[in-house]
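In terms of this note's numbering, the sequence shown opens at residue -13 and continues consecutively. Quick reminder that beta carbons are idealized off the backbone N, C-alpha and C, glycines included.
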Amino acid sequence: MLTYICRFISLVALLLLANPAFAGKKSKKSAGEEQKQFFYGVYLDYDLADPLMGAIDNRRFGMNSSVVLDFQHLFYPAFELGYATYDASSDYIYDNTGTGTPTENVKYEVNGTYYKVGLNINLLAKDYTKKLAPYGYVGFRYAIAPRFEYEISGYKTDASLWKADSDYIPEQKGNTKAQWGEFLAGVNTPIFKGFCMGVELRYKGFLTIKTVEEDNCSINQSYVPGYGDYEDGTWGFRYTISYFFH
């Protein structure tokens, strides 16, 4: 009896394996499991927006690059490093003394390095059969300019509030820091082999910005490397070229 039972089980197993529908489903599931990976590779990008803006406005100069990891074509942790300089002197040449004469020889410059870390989340359908695929995403960044430099000189105060022989604030130089957050949305797509192009729109807001206390004044920065103008730098964008390593 045991012999017949074993033969029957063997026959059923052979019939199931020979069935195309059963075999196809099994192979398809196995292929999918094999194709989906935990880690796909690394993007190294360079932001073209900074040099383009510098070419338009010679008061500014900047460089920005980032490393982005691809986990399951879903999560993309990112780390950014950048450097920026701003010469905002011309923004402070105006009549702030009530005399009708603009202040001249004003100097206000900032420069420094900044860092950003965060995460992108892919919203597009995932193609696990490809190492490199287009993705559209939303994300966030925590950003810090830990020790950027500033230099201020030639700034004239209101003569009605200060003595005539001290209406110019002495030259001020030093270091300070700022922290801010960014929410972003963007797309990235392959263009040739491992090369990709991407565009990003960002909304920024300060978390903290340090006020420098001097003997005769308090200094609040109007510009921050990596953020831009304190009042008008809320929106920003990146236009990137990148290479995908896998």
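Please check the pair residue i and residue j, which I expect to be a contact at CB under 8 angstroms, by giving their CB distance rounded to whole angstroms.
i	j	result
residue 187	residue 172	7 angstroms
residue 223	residue 198	Not confirmed; about 30 angstroms, so no contact.
residue 134	residue 105	With 8 angstroms as the limit, residue 134 and residue 105 do not qualify as a contact, their Cβ atoms being about 25 angstroms apart.
residue 174	residue 132	Not quite, the Cβ-Cβ distance comes to about 28 angstroms (not below 8 angstroms), so this is no contact.
Going by beta-carbon coordinates alone, are residue i and residue j separated by less than 8 angstroms?
i	j	result
residue 237	residue 96	This structure cannot settle anything about residue 237, because the visible part of the chain is limited to -13 through 232.
residue 138	residue 227	no
residue 99	residue 123	no
residue 209	residue 41	no
residue 30	residue 178	no
Would you list the one or two residues that DSSP bridges to residue i?
i	result
residue 218	Partner(s): none; residue 218 has no beta bridge.
residue 93	139
residue 157	According to DSSP, which records beta bridges pairwise, residue 157 is partnered with nothing at all.
residue 44	Partner(s): none; residue 44 has no beta bridge.
residue 176	182
residue 224	186
residue 209	215
Kindly indicate which three-state DSSP category residue i falls into: helix, strand or coil?
i	result
residue 204	strand
residue 118	coil
residue 56	strand
residue 23	coil
residue 113	coil
residue 37	helix
residue -9	Because residue -9 carries a pLDDT of 43, less than 50, the predicted location of this residue cannot be relied on, and no value is offered for it.
residue 149	Note on residue 149: pLDDT 49, under 50, position unreliable in the model; the coordinate value appears next. Residue 149 falls in the coil class under three-state DSSP.
Just reading off the beta strand (DSSP E) that residue i is part of, what are its end residues?
i	result
residue 191	181 to 195
residue 61	61 to 73
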